[in-house]
Amino acid sequence: MNVIFEVHGRGISFSIGVNRLERVLNIKQKVQNLFHLPISHQIFIFNGQPLQDDLPVWTTAIDRGSRIVLIVATAVNLPPPPIYDPYLPPQRLPTPEFPPNSILPSLSQQLIPYQYDVLPTPLGTLMLPMPAVPPMQHKASMSYIKKLEEVQAPSDKKPSPASQLWRVMVSMKVPNWKDRIPVEADWNGTVLKLKKRILGYIAIVTEEDMVGVTAERMVLQTHSTRVKLLDHQVLNRSAVTGDHEIDVFIRKQPLPVAGAGRNSSGMLKVKVFSERGGETHAEENVSVLMREQFSLSDEASNAFIQIRQANSFQSHKVNQVDTMETLDGYVSAESSTSSNTLVA
Numbered sequence: 001m002n003v004i005f006e007v008h009g010r011g012i013s014f015s016i017g018v019n020r021l022e023r024v025l026n027i028k029q030k031v032q033n034l035f036h037l038p039i040s041h042q043i044f045i046f047n048g049q050p051l052q053d054d055l056p057v058w059t060t061a062i063d064r065g066s067r068i069v070l071i072v073a074t075a076v077n078l079p080p081p082p083i084y085d086p087y088l089p090p091q092r093l094p095t096p097e098f099p100p101n102s103i104l105p106s107l108s109q110q111l112i113p114y115q116y117d118v119l120p121t122p123l124g125t126l127m128l129p130m131p132a133v134p135p136m137q138h139k140a141s142m143s144y145i146k147k148l149e150e151v152q153a154p155s156d157k158k159p160s161p162a163s164q165l166w167r168v169m170v171s172m173k174v175p176n177w178k179d180r181i182p183v184e185a186d187w188n189g190t191v192l193k194l195k196k197r198i199l200g201y202i203a204i205v206t207e208e209d210m211v212g213v214t215a216e217r218m219v220l221q222t223h224s225t226r227v228k229l230l231d232h233q234v235l236n237r238s239a240v241t242g243d244h245e246i247d248v249f250i251r252k253q254p255l256p257v258a259g260a261g262r263n264s265s266g267m268l269k270v271k272v273f274s275e276r277g278g279e280t281h282a283e284e285n286v287s288v289l290m291r292e293q294f295s296l297s298d299e300a301s302n303a304f305i306q307i308r309q310a311n312s313f314q315s316h317k318v319n320q321v322d323t324m325e326t327l328d329g330y331v332s333a334e335s336s337t338s339s340n341t342l343v344a
C-alpha cells in the first residue's frame, strides 16, 4: 500500500510503498535510501502522535493513502543523549537540618564505661531534607516539543475556495521508479494544465532527464476505468471525479522521414521482391531456369544479365542457397517491349 509523507514546513510531499508486516524503522530506511536523510534525523507524526521505530505497521491505523508528517530533525532539535547532557543544571548539595558542629561535640562529652564497645553513629540517623530541585529541561527537547505542538495544533486559517487544491495520485512509468507520485492539481483547471504540472514534478522527484518531453507527447488515463483524458477537459467534469489515480504515458518521438521517397499525395512508394526456391544440378546450363523454375518462355523478351544461359551454374560459381532475382525491364534502349530480366 502507498502512504503519503508530508515534509513539515517545506511544502513537499511524496509517497512510499509500505508493507503491513514492516516496522517504522524499515520505513525510515526507505526514506534514507531515497533522499539520503539519516534515520536519526527522521521524526514521524501520525494522527498527532510520534511513531516509535520498533512499532509494527499492522498495530497502527496506517492504511492506504494515510498521511504521515515527516519532521526533519537537525542537531538543534534532536532528543538529548541518554548518558551525557551538558545542559543539565548544577545540583546543589543537601544541607542538614541540624548543623554537625552542634551534635558531634555533645557525643564527645558523654561518659561511657570502659567495658562497653561503642558503635559508630551511622550517617543515616541525620535527618537531611531533600532540596526542591526544579525539573530538568533540555534546550533541544524543548524545541522538539514545540515542533510537536505546532504539528498537533490545528490551524485557524481556512483557505479560500479559489485557492483550494485537489490532490491527484499519478503513476509515471519511468525507469527504476515504481511508487506513485502525488501531484497537487487545480480542481477547476484543465487536463493540459495538469500535464505541465506533472512534467515539473517528474523532473524533481525522479531526477529523470525530461528534455524533449512535452505536454503534447503525454497521455493521461484513469487507472481503473482506462478512460483517456483530453487536454480541453476540466478535471471536475471529467472521469477523474470517480477515479483519483491517473496513469501517465509518454508517446515515442516520431522519426523524421526524408521527402525524396514521398509523392505528391504523401504516400510512400515501396518495391517488394518475391522469392521462391528451387533445386537444380550444378552441371546444368542457366537456361533451365526459364522452363522449370520461373516458367519463362523461350521468346526473345527474356534475357539474362551478368550470366550466360549457355553456361552451367558451376562455371558461374553459383553456390548453395544463392539468391537470383527476376526484374521487369527492357533488353535495350531501342526495344519498347517489356521483358523479364534475371539477375544473378
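To convert, note that position 322 of the sequence shown is 322 in UniProt numbering; the numbers rise steadily by one, no gaps. From the three backbone atoms N, C-alpha and C, an ideal C-beta is built for every residue, glycine too.
Would DSSP call residue i helix, strand or coil?
i, result
"Q29", "helix"
"R23", "strand"
"G11", "coil"
"V57", "helix"
"G17", "strand"
"L51", "coil"
"K193", "helix"
"N188", "coil"
"I39", "helix"
"L199", "helix"
"N285", "strand"
"L230", "coil"
"residue 412", "Outside the modelled stretch of the chain, which goes from 1 to 344, sits residue 412, for which no answer is possible."
Based on Cα-Cα distance, which residue from the options lies nearest to residue i?
i, options, result
"N2", "Q314, R251, E283, I16", "I16"
"V7", "G65, V24, I45, V69", "V69"
"Q42", "N26, V57, Y201", "N26"
"G48", "T190, K193, T60, L37", "T60"
"V234", "W187, R64, I62, Q253", "W187"
"L55", "K228, F5, N19", "N19"
"Q253", "L21, D63, V213, I4", "V213"
"L34", "L199, F5, E283, A73", "F5"
"A73", "Q314, L37, N236", "L37"
"F14", "R67, P50, L199, R237", "R67"
"G189", "N236, Y201, G200, K317", "N236"
"Y201", "V227, V248, T222, K228", "V248"
"D63", "L21, S315, L199", "L21"
For residue i and residue j, which I take to be in contact (beta-carbon distance under 8 Å), what is that distance rounded to the nearest angstrom?
i, j, result
"M218", "I246", "With a Cβ gap of about 11 Å, M218 and I246 do not count as contacting."
"V183", "L230", "Actually they are not in contact, since the Cβ atoms of V183 and L230 sit about 18 Å apart, beyond 8 Å."
"I39", "I71", "In fact, because the Cβ distance is near 13 Å, the residues do not count as touching under 8 Å."
"K30", "D53", "Rounded, the Cβ-Cβ distance is 13 Å, inconsistent with contact."
"L220", "K195", "7 Å"
Need the endpoints of the beta strand (DSSP E) that residue i sits in, please.
i, result
"E245", "245 to 250"
"Q219", "In the sequence as displayed, the identity of residue 219 is Val instead of Gln. Taken as a continuous stretch (DSSP letters only), the beta strand (DSSP E) holding V219 covers 218 to 222."
"R67", "67 to 72"
"I45", "42 to 46"
Less than 8 Å separating the beta-carbons of residue i and residue j?
i, j, result
"A215", "T225", "no"
"V57", "R10", "no"
"E284", "S315", "no"
Residue i: beta carbon under 7 Å from a heavy atom of the ligand NAD?
i, result
"D54", "Annotation note on the ligand NAD: not contained in the displayed structure, which lists no ligands."
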